[in-house]
Amino acid sequence: MSAPAGFTFPVPRLYASPTLILSEKTAPESSWMQRQGSRDPEARSRNRTSTAYQYITYLPGAHYGTAEDEQIVLVNHTDGPSITQDNGALGLLAIVKYFSHIPQAQRPRTLKIFLDGRHYMPGMESAHSEADWFTRHPEAKRKIVGMIQTEHLGEMDYREVDGRVNLPVMPSSLICGHAITTF
């Protein structure tokens, strides 16, 4: 099923109900809704408190632990419901693997690897700012000189044409590719 595209931020304060998005075209045709015998879906859910974690680790640079340390944040969210959203961490690991072959004394900057348990916009999610690592540790911002974010690696960009969902010619990661030019 598909629905018109839309930007979902700001992040809602309450995650207490499931979401089902249907377009005007797909709702009447939904086999799930036909089985229910209704065009008005009803969602039932239970809420449970759980703990999410933000993992942060470092690949130290030459000045790690000193006042001269400069850091590049490698960030990805790990809350996605599918491999297309969560696989950005694999891109971060590839970057870390590459730079780990360079001796620490020759790495001018530290890599701060940040796996965020939320669908992040670091420092921009006012709805859950109390859980934001940079809000709780503002001093950490002083050393940051850059940020690299990876996600949706290899994800296909599906498009609706005449009521049918079609695959594009290339993955969206090739359409929106980025390169690291300095370290």
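First residue of the sequence shown? That's 1 in the working numbering, and the numbers climb one at a time after it. Backbone N, C-alpha and C define an ideal beta-carbon position, used for all residues, glycine too. Remember, predicted model here, so these are calculated numbers, not experimental data.
Bridge-paired residues (DSSP) for residue 149:
As a first step, residue 149 is located in the sequence shown; it is residue number 149 there, counting from the start. In DSSP, residue 149 forms a bridge with 75.
Could you tell me the boundaries of the beta strand (DSSP E) in which residue 95 lies?
Locating residue 95 in the sequence shown gives position 95, where the first residue counts as 1. Segment 88-100 is the alpha helix (DSSP H) holding residue 95; no beta strand (DSSP E) there.
Would you list the residues sitting across from residue 114 in a DSSP beta bridge?
By one-based count along the sequence shown, residue 114 stands at place 114. Residue 114 is bridged to 56, 75.
Relative to the C-alpha of residue 72, which candidate in 144, 151, 149, 153 has its C-alpha closest?
Looking up residue 72 in the sequence shown gives position 72. Considering only alpha carbons, the answer is 144.
Specify, as a first and last residue, the run of the alpha helix (DSSP H) that residue 136 falls within.
For the purposes of this step, residue 136 is taken as residue 136 along the sequence shown, with counting starting at 1. Residue 136 -> alpha helix (DSSP H) spans 133-136.
Note down the Cα distance separating residue 107 from residue 101, rounded to an integer number of angstroms.
For the purposes of this step, residue 107 is taken as the residue at position 107 of the sequence shown. For the purposes of this step, residue 101 is taken as the residue at position 101 of the sequence shown. Taking the CA atoms as reference points, residue 107 sits about 10 Å from residue 101.
Cβ neighbours of residue 60 in the same chain (closer than 6 Å, five flanking residues each side left out)
Stepping through the sequence shown from its first residue, residue 60 is reached at position 60. Only 104, 110 meet the Cβ criterion.
Residue burial classification, residue 141 (beta-carbon count within 10 angstroms, cutoff 16):
Taking the sequence shown and counting its residues from 1, the one referred to as residue 141 is at position 141. Counting Cβ neighbours within 10 Å, residue 141 comes out exposed, since fewer than 16 surround it.
Buried or exposed: which applies to residue 91, given that a residue is buried once 16 or more other Cβ atoms fall within 10 Å of its Cβ?
Start at 1 with the first residue of the sequence shown, and residue 91 comes out as number 91. Under this definition residue 91 is a buried residue.
Kindly indicate which residue of 51, 47, 57 has the alpha-carbon position closest to the one of residue 131.
If you number the sequence shown from 1, residue 131 lands on position 131. The option with the nearest alpha carbon to residue 131 is 51.
Would residue 96 and residue 115 be called neighbours here (beta carbons separated by less than 9 Å)?
Residue numbering aside, residue 96 sits at position 96 when the sequence shown is read from its first letter. Residue numbering aside, residue 115 sits at position 115 when the sequence shown is read from its first letter. Their beta carbons are not under 9 Å apart, which means residue 96 does not touch residue 115 by this criterion.
Could you check how far apart the C-beta atoms of residue 58 and residue 113 are, in whole angstroms? I think they sit under 8 Å.
What you label residue 58 is simply residue 58 of the sequence shown in a count that begins at 1. What you label residue 113 is simply residue 113 of the sequence shown in a count that begins at 1. Between residue 58 and residue 113 a beta carbon distance of about 7 Å is seen, short of the 8 Å cut, so the two are scored as contacting.
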